[in-house]
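First up is the structure itself, then whatever we jot down about it.
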Amino acid sequence: MPLNHNPTIRQRRLARRLRELRIAAGLTHADTAEVLGSAESKVGRIENAQSGVRLPDLRALLDAYGVTDAQERAEIETLSREAKKKGWWSHYANAVDSAYAAYVAEEWEASELYNVETSLVPGLLQIPEYAEAVARLQRPDLTDEERAAQIKVRGERRQVLSREIPLQLWTIITESVLYHRTAAPSVMKEQLESLLADSRKPNIQLQVLPREDPMNACLFGPFVIMTFPATAETDIIYTESPTSTLYYEEQSDVDTYTTLFRRLNVAAANASRSRTLIQAALKEAM
770 MPLNHNPTIR QRRLARRLRE LRIAAGLTHA DTAEVLGSAE SKVGRIENAQ
820 SGVRLPDLRA LLDAYGVTDA QERAEIETLS REAKKKGWWS HYANAVDSAY
870 AAYVAEEWEA SELYNVETSL VPGLLQIPEY AEAVARLQRP DLTDEERAAQ
920 IKVRGERRQV LSREIPLQLW TIITESVLYH RTAAPSVMKE QLESLLADSR
970 KPNIQLQVLP REDPMNACLF GPFVIMTFPA TAETDIIYTE SPTSTLYYEE
1020 QSDVDTYTTL FRRLNVAAAN ASRSRTLIQA ALKEAM
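The numbering of the sequence shown is this note's numbering, which starts it at 770 and goes up by one.
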């Protein structure tokens, strides 16, 4: 389900969580409307992130849904209070498309991110020169100003890796990514050196899937699994194509991608061996 940045990502997360709680409690929209003393349409608007929910109503819903854990209630109330806040990415609303802005917002809210890349260096680990080369290849129609804005946003995204509570990033890339001449040799050299440096950071786990490994046949394209700090929140899967971006939230979909990531994790080279593979590619780039 494609997301946009209006409503905010926090609003969508709150709506999704309230819908999950209602279903788990075995209640219908009519039951919930009775709790609130409102029309069913109000419940629908809340669960579709089309309207917010007042704190008294939220607490009444949590009571009706049987949410008694103090920490869980506090997390949901905090999410509700912050639902209308916008992040740094909102300043670029006119410079990047809504689908990309939505992804950046989700990424910033995540506590853990599991990323599989089959063609490119992961976005969070791209140096500016490499990011520019990718933008020129993928979007030759962009103006210099639009391209510069995209590269600036890409650089700002890296803040998620060094904020007070940094994102925990676990990424698996296919070995072929290291050899794609996406940019000039000097840029590829710098990019590979940057990958080596990033792979040694405590919150980044980087693995390379060797070219000869049969698990390459299980890859249908890049994907991202996002995990959020609230203990009760469900994970989200993100995939993209040249014409669309998709978010999967159903548990069965999440389980399918999580299982695939675990299989790739086992098949891919460990951190030390992965650095050896990157160094081998670096020698060729030189």
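C-beta atoms are modelled at their ideal positions from N, C-alpha and C, and glycine is treated no differently.
How many Å lie between residue i and residue j at the Cα?
i, j, result
"E876", "V922", "13 Å"
"N884", "T1027", "11 Å"
"T951", "A902", "7 Å"
"Q780", "L848", "8 Å"
"I941", "R791", "36 Å"
"I896", "T837", "46 Å"
"D910", "S963", "28 Å"
"E841", "A833", "14 Å"
"M770", "N817", "Caution applies to M770, whose pLDDT of 38 falls short of 50 and renders its modelled position unreliable; the value that the coordinates give is listed next. So the alpha carbons of these two residues sit roughly 12 Å apart."
"L772", "E1019", "Residue placement at L772 is poorly supported in this model, since its pLDDT is 39, which falls under 50; the coordinates still yield a value, given next. Their Cα atoms are separated by approximately 15 Å."
"S968", "N985", "22 Å"
"T797", "R823", "20 Å"
"E914", "P1011", "22 Å"
"T1025", "S1041", "28 Å"
"R932", "L894", "15 Å"
Taking the DSSP output, what are the residues bridged to residue i?
i, result
"F992", "V885 and T1008"
"V977", "I942"
"Y1017", "I1006"
"Q819", "The partner list for Q819 (beta bridge, DSSP) is empty, contrary to what the question assumes."
Would residue i pass as a contact of residue j if the rule is Cβ separation under 8 Å?
i, j, result
"Q960", "V890", "yes"
"A784", "I815", "yes"
"L882", "L938", "yes"
"R980", "E944", "yes"
"L975", "S888", "no"
"L947", "A1050", "yes"
"G892", "R916", "no"
"E846", "L827", "yes"
"A904", "Q928", "no"
"L936", "I1047", "no"
By Cβ distance below 8 Å, which residues in the same chain neighbour residue i in space, the five residues on each side in sequence not counted?
i, result
"V1023", "I994, T1003, D1004, I1005, I1006 and Y1017"
Residue i: which of the options sits nearest, CA to CA?
i, options, result
"E886", "P998, E915, T1008 and A870", "T1008"
"I934", "D910, A1050, P971 and C987", "P971"
"L720", "A868, R786 and A1036", "Outside the shown range of the chain, which is 770 to 1055, sits residue 720, and nothing can be said about it."
"P825", "A843, Q840, G835 and L805", "L805"
"F997", "E844, L893 and L1029", "E844"
"L906", "R927, Y869, A953 and G924", "A953"
"L930", "S955, A900, E878 and A1054", "E878"
"R782", "A871, L1033 and G924", "A871"
"R850", "R932, N1034, T912 and G821", "G821"
"M957", "R1031, M1055 and V873", "M1055"
"L1093", "E1053, S1041 and P991", "Missing from the structure shown is residue 1093; the chain here goes from 770 to 1055 and no further."
Among the residues of its own chain, which have a CB less than 7 Å from the CB of residue i, if the five just before and after it don't count?
i, result
"A802", "A808, E809, K811 and V812"
"D982", "A1036"
Near residue i, what residues of its chain come up, given a Cβ to Cβ distance below 6 Å and the 5 sequence neighbours on each side ignored?
i, result
"I973", "L938 and D967"
"S1015", "Per the sequence shown, residue 1015 should be read as Leu rather than Ser. Excluding positions up to five away in sequence, the list reads T1008."
Within the present structure, is the beta-carbon of residue i separated from the nearest heavy atom of the ligand PLP by less than 7 Å?
i, result
"R1032", "No copy of the ligand PLP appears in this structure; indeed no ligand is present at all."
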